[in-house]
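Data block below; observations after.
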Amino acid sequence: MRSSASLVLLLLLGLIAMMMNIQEAMGQLSTVRAFLSDSDLNELLTKESPLFAKTIEEQTIADMKFTQHVSIIGDVDISVTNIKIAGVSLGNLQVLMQQPNQVTLSDQNAQLTINANWAYRQQSWPHSSGSGTVVVSTNTIQIQETVLITLDINSGKPQFQVTTNTVDLGNLNINISGGSGWILDLLQSLFSSQIKSSVQSAIQNAVSSSVAKANADIQTANLIPTLNMTVGSNNFKVIVDYRLTECDVQSNNFLVIATRATFYDPNKGPSAPLPFGHVQLPKVAPTQIDDLIDAYGTDFVINSLLYALYSSNQMQTYVTPTMIPSNSPIQLNTTSLKLLLPQLYNAYPNKLVNLFVYSNTAGNPGQYPNIKITQNNGGSITAFFYGNVEFQVLNQDGSSTNAFIISLVANATLDSPKLVVSSGSKLYFTAQIANPQFQLSVSQSWIGPISVTSLQQIIQVALIDAYLPILNQDLAAGVQLVDFSSVLPGFNLVNPNLILQNGYVTMGVNGYYSPSLLYYQKTGKKIYTPLPIEELKKKIEKLKGTIKIQK
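Quick note, the sequence shown lines up with residues -27 to -1, 1 to 524 if you use mature numbering (1 follows the signal peptide of the UniProt record, and there is no 0).
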């Protein structure tokens, strides 16, 4: 049997595990620092207490069998079966935090009712027997669970130790039907002692098992995995370091979880040093927002991802002739480009052209893509790109020939940056690239001198006017930051917030448990919800004009 205590402890442990999936090893500054306050968590517990109560009522208690000696008739076999929990009402669930690493969950004056069947049979002749039902109720349940959190800096994995595991059902009100005399006294005694103790032990064991399972899951988790990422139609492979750097209690009212959250070249891994650092994040919780989970994240996280793609030569794409709108004044073929690049047409008449865009090859110091976050003018994100554009002429056999290569230095702003929720449990970052500016120079040509002015017109049309909307469409889908479904099934995210600071962002998100979301995550099916009667009447009236009914 699980109690509200074990369920809420799972919530706490799940939130920590969730942060490990967006998450400093020794000597490193944290790149993500999150705060979970006791007040916000207690508010969530109060709001979700009916759900916790329902979950408790769905738990199963195993049948119990006893042999007792009765002075009048000898040994008697007694069974208590079909034990059901009902009428659960949680009294006052509260989370208390104490520096440096202690979290306590307590519940005062919770109440529940236990319904069961009982039966007895005398072992010796004449084997008298009897049966009936019993209803046990209490409104004085006291629960206290205390967990100490420790963190192994080398592995970046937290562990949880239960130091207090106390459950007391309090005074029991026992109503027995179907018996009298000695059996009534015996059942009263059993429920007040052995059965009460068994239920209390079951709750304590559920808590211990939940913590042990969380510890085992964390120990087997790979915190430096290789990730396959998809943005639009582009697939990337990177290594990410999720190891925690902090997991402790601050000011007796915040659980603080921090991580290095660093991406690496998949061919080199964490041993490869990065040529840049990041700002030091604030040590205290943000005051601009007050959500269930508040966090800071540096631009270093995104920059490490960009550098990993740059270092492994994965930041590349093609702009093909089919991507250019048919009404565009410039098409990607040598005939259309004849006026701007006559030497290209002369060398390759009537040929299609691909543009191969890629970041500078690894090894050019200081010339890697990056972003900068500032709070100026209400907050802005500026992206910088350093790369090349190869003009490739397509041959009839499907191969391509380089005509010339231009060096491209570009920057743009990321407008409308925000956090969005998808499928209830997934948190995404989205933005739109705007105000692009670029500088060009010819780095190599196989067809003679090239006019930079002509190239600027081509890049404006082919990359900015044609390809940028495609890229923004990919970005509109967002980049996934975290998925709650694996660590907190049924947890529904709502109302995410994002504030831009100098070198970092402040983030916040609220959430609640949703039984329908949990059902969807388990089955892939949505729960049918009948329409309200007034809305149903409106739909019927609307259909009357379109459907003819024969009488």
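All C-beta atoms in this analysis are idealised placements derived from N, C-alpha and C, irrespective of residue type, glycine included.
All values reported here derive from a predicted model rather than from experimental measurement.
- Message: For W91, count the other beta carbons within 10 Å of its own beta carbon; 16 or more makes it buried, fewer makes it exposed. Which is it?
- Response: buried
- Item | As assigned by DSSP and simplified to three states, the class of G103 | strand
- Got a sec, what are the start and stop residues for the alpha helix (DSSP H) P170 sits in? A small correction: the amino acid at residue 170 is Ser; Pro does not occupy that position in the sequence shown. Element bounds for S170: 167 to 193.
- Item | Close-in-space but distant-in-sequence residues of the same chain around N368 (CB under 7 angstroms, 5 per side omitted) | T374
- Message: Here's the rule: buried if 16 or more other CB atoms are within 10 angstroms of the residue's CB, otherwise exposed. What is V94?
- Response: The sequence given here places Arg at residue 94; Val does not occur at that position. It is exposed - the Cβ of R94 has fewer than 16 other Cβ atoms within 10 Å.
- Please go through the same chain and pick out, in chain order, the residues whose beta-carbon is closer than 7 angstroms to the beta-carbon of I(-6), but skip the five residues on each side of it. In this predicted model, I(-6) has a pLDDT of only 41, less than 50, meaning its place in the structure is not dependable; the value taken from the coordinates is given anyway. Only V5, A234, L454, V455 meet the Cβ criterion.
- Item | Nearest to L159 (by Cα), restricted to the options Q261, G47, P73 | G47
- Message: The beta strand (DSSP E) that contains P255, what's its start and end?
- Response: No beta strand (DSSP E) contains P255, which DSSP labels as neither H nor E.
- Task: Rank F39, T19, I126, V61 by C-alpha distance to the C-alpha of T28 and give the top, closest one.
- Result: V61
- Item | Coarse secondary structure for L313, derived from DSSP in three states | coil
- Between the CA atoms of A435 and G421 - distance to the nearest angstrom: 22 angstroms
- Item | Proximity of H251 and F273 at Cβ, strictly below 7 angstroms | yes
- Look at the alpha carbon of A281 and the alpha carbon of G339, and state the distance between them as a whole number of angstroms. 14 angstroms
- Pick helix, strand or coil for K324, following the three-state DSSP scheme. coil
- Item | S3 - containing beta strand (DSSP E), residue span | Per DSSP, S3 belongs to no beta strand (DSSP E) and is neither H nor E.
- Message: Using C-beta distances below 8 angstroms, list every residue in its chain close to I51, excluding the 5 sequence neighbours before and after it, in chain order.
- Response: K38, F39, T40, Q41, W91, A92, Y93, L159, L160, L163
- Message: So, with DSSP's three-state summary, where would you put D50?
- Response: strand
- Would the beta-carbon of V326 fall within 7 angstroms of that of T290? no
- Counted within 10 angstroms of its Cβ, other Cβ atoms place L9 as buried (16 or more) or exposed: buried
- So, S380 versus N408, is the Cβ gap smaller than 7 angstroms? no
- Item | Local Cβ density within 10 Å of P248, reported as buried at 16 or more and exposed below that | exposed
- In its own chain, which residues sit with a C-beta less than 7 angstroms from the C-beta of G105, not counting the 5 before and 5 after it? W91, I149, S150, G151, G152
- Could you name the residues of the same chain whose beta carbon sits closer than 6 angstroms to that of V200, not counting the 5 residues immediately before and after it, in chain order? According to the sequence as given, residue 200 is Leu; it is not Val. Excluding positions up to five away in sequence, the list reads V211, V213.
- Message: What does the Cβ neighbour count give for T260, buried or exposed, with the cut at 16 atoms within 10 Å?
- Response: exposed
- Could you tell me the distance, in whole angstroms, from the CA atom of F464 to the CA atom of V43? 52 angstroms
- Task: Starting from the C-beta of N475, find all residues in its chain whose C-beta is less than 6 angstroms away, skip the five residues before and the five after it, and write them out in chain order.
- Result: T347, Q348
- Mark G(-1) as exposed unless 16 or more other C-beta atoms lie within 10 angstroms of its C-beta, in which case mark it buried. The predicted position of G(-1) is uncertain, since its pLDDT is 40 and thus under 50; a value taken from the coordinates is nonetheless stated next. Exposed, by the Cβ-count rule.
- Which residues DSSP lists as bridging L78, in chain order: V68, E118
- Message: Only counting the same chain, and skipping five residues up and downstream in sequence, which positions put a Cβ closer than 8 angstroms to that of T77?
- Response: V68, L69, M70, Q71, Q117, E118, T119, V120, T137
- Task: Report the residue ranges of all beta strand (DSSP E) runs contained in full by the region 376 to 420; include only those spanning at least 3 residues, in chain order.
- Result: 399 to 418
- Message: Quick check on the DSSP output: what are the complete beta strand (DSSP E) runs of length 3 or more inside the region 200 to 264, in order along the chain?
- Response: 207 to 214, 217 to 223, 227 to 232, 235 to 237
- Query: Leaving out the 5 sequence neighbours to the left and right, which residues in its chain are closer than 6 angstroms to N225 when beta-carbon positions are compared?
  - Reply: M70, Q71, Q72
- Item | Whole-Å CB distance - Q417 paired with F377, under 8 angstroms assumed | 6 angstroms
- Write down the C-beta distance between T334 and N286 rounded to the nearest angstrom, noting that I regard them as a contact closer than 8 angstroms. 6 angstroms
- Item | Three-state secondary structure (DSSP) of W155 | helix
- Query: If D267 and A258 are in contact, beta carbons under 8 angstroms, what's the gap, nearest whole angstrom?
  - Reply: 6 angstroms
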